[in-house]
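*Asks:*
Residue numbers (the numbering used here): -8 to 121.
Right, here's the structure in full:
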């Protein structure tokens, strides 16, 4: 039986399809830590893999104006050692944040084999509910 050898271009494209993106969530004012869904190469700050899911992001593109917008959505963070509870419910975070409500949040997307500087912002918005 002959050995199947797929074309090189097919192998390259298939490998790209199997890559899972890594998401990074940053809160404005919280400069010492960020939360991710996987490993981040050469992170700019302490990165904790507490981000378990992102959902319900809506997106639209206005052809006439060329504007792209992303809105809505939710993020789930693991509350390891009550770290997220402290961040949300008290002023125990470092640096101290009075609240996360109405705080600017940025979500970056990249891949585990990229350095963080090669990630791109896919969402910038404000926390409206906890």
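All C-beta atoms, glycine included, are put in the ideal place defined by N, C-alpha and C.
Source: prediction; values computed, not measured.
Using a threshold of 9 Å, state whether the C-beta atoms of residue 23 and residue 37 are closer than that.
*Replies:* Yes, they are a contact pair.
*Asks:* For residue 109, which residues of its own chain have a beta-carbon under 7 Å away from its beta-carbon, when the five flanking residues on both sides are left out?
*Replies:* Here the set comprises 101.
*Asks:* How long is the line joining the alpha carbons of residue 111 and residue 74, rounded to whole angstroms?
*Replies:* Looking at the two C-alpha atoms, the distance is approximately 26 Å.
*Asks:* Taking the straight line between their C-alpha atoms, what separation do you get for residue 104 and residue 14?
*Replies:* Spanning the two alpha carbons is a distance of roughly 13 Å.
*Asks:* Could you compute how far the alpha carbon of residue 5 sits from the alpha carbon of residue -2?
*Replies:* Going by the C-alpha atoms only, they are around 11 Å apart.
*Asks:* At the 9 Å Cβ level, is residue 112 part of the contact set with chain D, yes or no?
*Replies:* Checking the listed chains, one finds no chain D in this structure; it contains a single protein chain.
*Asks:* Can you round the beta-carbon distance between residue 116 and residue 96 to whole angstroms, since I take them to be within the 8 Å contact cut?
*Replies:* Indeed, because the Cβ distance is near 6 Å, the residues count as touching under 8 Å.
*Asks:* Entirely within the region 19 to 88 and at least 4 residues each: give me those alpha helix (DSSP H) ranges in chain order.
*Replies:* If we require 4 residues or more, the alpha helix (DSSP H) runs fully inside the region 19 to 88 come out as 74 to 80.
*Asks:* What is the DSSP secondary structure of residue 112, counted as helix, strand or coil?
*Replies:* If DSSP states are grouped into helix, strand and coil, residue 112 belongs with the strands.
*Asks:* Tell me whether the beta-carbon of residue 34 lies closer than 9 Å to the beta-carbon of residue 27.
*Replies:* A contact, by the Cβ cut-off of 9 Å.
*Asks:* What are the boundary residues of the beta strand (DSSP E) that residue 96 is part of?
*Replies:* 95 to 102 is the span of the beta strand (DSSP E), which, as asked, contains residue 96.
*Asks:* When we look at the beta-carbon of residue 52 and count the other beta-carbons within 10 Å, is it buried (16 or more) or exposed?
*Replies:* Exposed, by the Cβ-count rule.
*Asks:* By a C-beta neighbour count over all protein chains shown, 10 Å radius and 16 as the cutoff for buried, is residue 72 buried or exposed?
*Replies:* Flag for residue 72 reads exposed.
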